[in-house]
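Chains as they are written, first to last, in numbering that gives the first Met the number 0: chain A, 0 to 176; chain B, 0 to 176. Idealized CB from N, CA, C, for every residue including glycine.
There are 2 protein chains.
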Amino acid sequence: MVRMSRETLLPALAAHVMQNGLGSLSLRPLARSAGTSDRMLIYHFGSKERLVEALLDFLALQFTQALDTAFPAQRSVSRRACAQTVFDITGQPEFAPFFRVWWDIVAGCAAGDRAYLDAAGRIMDRLLDWVVDHLPESDPDPVEGARAVLAVIEGAQMLRAVGRGAIGQAGLSALEG
Amino acid sequence: MVRMSRETLLPALAAHVMQNGLGSLSLRPLARSAGTSDRMLIYHFGSKERLVEALLDFLALQFTQALDTAFPAQRSVSRRACAQTVFDITGQPEFAPFFRVWWDIVAGCAAGDRAYLDAAGRIMDRLLDWVVDHLPESDPDPVEGARAVLAVIEGAQMLRAVGRGAIGQAGLSALEG
DNA sequence: AGCTTTATGTAGCAGCCGCTACAAGCAGCG
DNA sequence: CGCTGCTTGTAGCGGCTGCTACATAAAGCT
């Protein structure tokens with residue numbers, strides 16, 4: 000039997016969460032899909048709550064890394080083009096697992112969970128930075144522009160999640176600049 | 000003992016869901032807060048799944064009614080003003096319970112639940128109609144304008160849910176017209 | 001080698017879950 | 001009255017939940 004630690008476990012745990020969501024997470028199926036037992040998850044993480052905290056940290060990190068690898072490195076030609084690029088790429092099927100857990104995180108935030116709020120806020124801040132860096136250099140106010148772009152991207156993604164992607168697309172097309 | 004039916008039960012059930020969310024809904028606490036037993040909930044609704052379906056229907060209806068009572072009846076002076084009005088009003092504390100269940104619904108959509116997708120889509124369509132009716136009469140394209148307004152509103156609301164309302168506000172301010 | 005610390009398996013606890021079998025009450029109706 | 005059908009209470013089933021007590025194996029360390 001291979002010795003395991005939080006670090007070696009986390010990728011497998013995160014993969015399971017991306018497929019099955021956070022909302023209905025339970026230790027035994029999670030452990031099984033990572034090749035361990037619930038007993039060992041509690042041993043390594045102390046409690047389910049702290050396991051989820053570690054998971055949120057890991058997922059936030061993984062997301063920020065995915066951003067820089069899956070997305071084109073160069074700047075967009077306009078705010079609208081930037082938003083459209085993010086929207087199109089995150090619409091591809093391989094991003095569905097991430098959004099599945101993302102909306103669980105948002106729901107956790109709305110329920111008042113502090114750990115979820117921290118993780119979600121960090122992810123949004125990181126995404127905001129990414130947008131700032133991908134706006135045209137000619138943008139008159141990249142910080143404010145990135146906020147506008149991020150808001151409409153997120154709205155479009157939520158609408159897509161509930162089967163109304165066309166509405167979100169219209170929002171993107173209405174972005175000025 | 001008062002005779003109860005789905006119809007007399009639903010308001011109490013919906014109230015409980017607005018306070019406690021849909022994600023962790025379980026029959027016994029739900030029944031207790033409605034003055035019944037899990038036994039009777041299953042009796043009236045057949046199964047938890049069908050109970051949730053009825054609940055989603057009821058909540059969607061209740062939401063559309065709340066829209067017309069809580070919001071000013073007259074048209075806004077601009078797209079931006081319309082979005083800002085909705086954002087401000089829905090930011091008041093009494094709307095928190097609705098958003099709590101709303102983000103649970105979105106999470107259910109992302110998980111692929113058909114009933115959640117239907118309910119969420121209906122709510123968004125109704126909200127879209129509402130925005131169309133509250134845009135200025137001078138709007139050159141109310142349908143497309145309403146889509147743009149709705150997308151940025153929803154993005155702003157999500158960002159507010161995760162503690163980044165300032166980003167969403169910037170998105171609203173960037174709305175043209 | 002012996003001893004300590006770390007990692008793991010087995011078994012189980014108390015509690016909750018959706019749901020159901022059974023029986024009783026109760027209303028209306030002949 | 002007696003019968004019938006709708007509504008409700010009680011009790012419980014099997015299964016799942018997070019978590020733990022206990023024993024054991026494995027890996028250092030001296």
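Item, Value
"B:L158 versus B:V1: straight-line alpha-carbon distance, rounded", "44 Å"
"Exposure of A:A109, with buried meaning 16 or more beta-carbon neighbours within 10 Å", "buried"
"CA-to-CA distance, B:K47 to A:H133, given in whole angstroms", "47 Å"
"Neighbour list for B:G164 in chain A, Cβ cutoff strictly below 8 Å", "In chain order: nothing, as chain A lies at least about 10 Å away."
"Straight-line gap, B:A72 to B:A65 (C-alpha atoms, nearest Å)", "12 Å"
"DSSP-derived helix/strand/coil call for B:F57", "helix"
"contact_flag[the region 120-140 of chain B, the region 158-169 of chain A] where n(CB pairs < 8 Å) is 3 or more", "yes"
"Anticipated Cβ contact below 8 Å, B:F44 with B:A30, distance rounded", "B:F44 to B:A30, Cβ: 11 Å. No contact."
"Length of the line joining the Cα atoms of A:I104 and B:Y42", "34 Å"
"Whole-angstrom distance between B:I88 and B:S75, CA atom to CA atom", "14 Å"
"Neighbour flag for A:W102 against chain B, beta carbons, 8 Å", "yes"
"Check whether A:R78 and A:G164 have beta carbons under 8 Å apart", "no"
"Neighbour flag for A:V105 against chain B, beta carbons, 8 Å", "yes"
"A:D138 classed as buried or exposed, judged by whether at least 16 other C-beta atoms fall within 10 angstroms", "buried"
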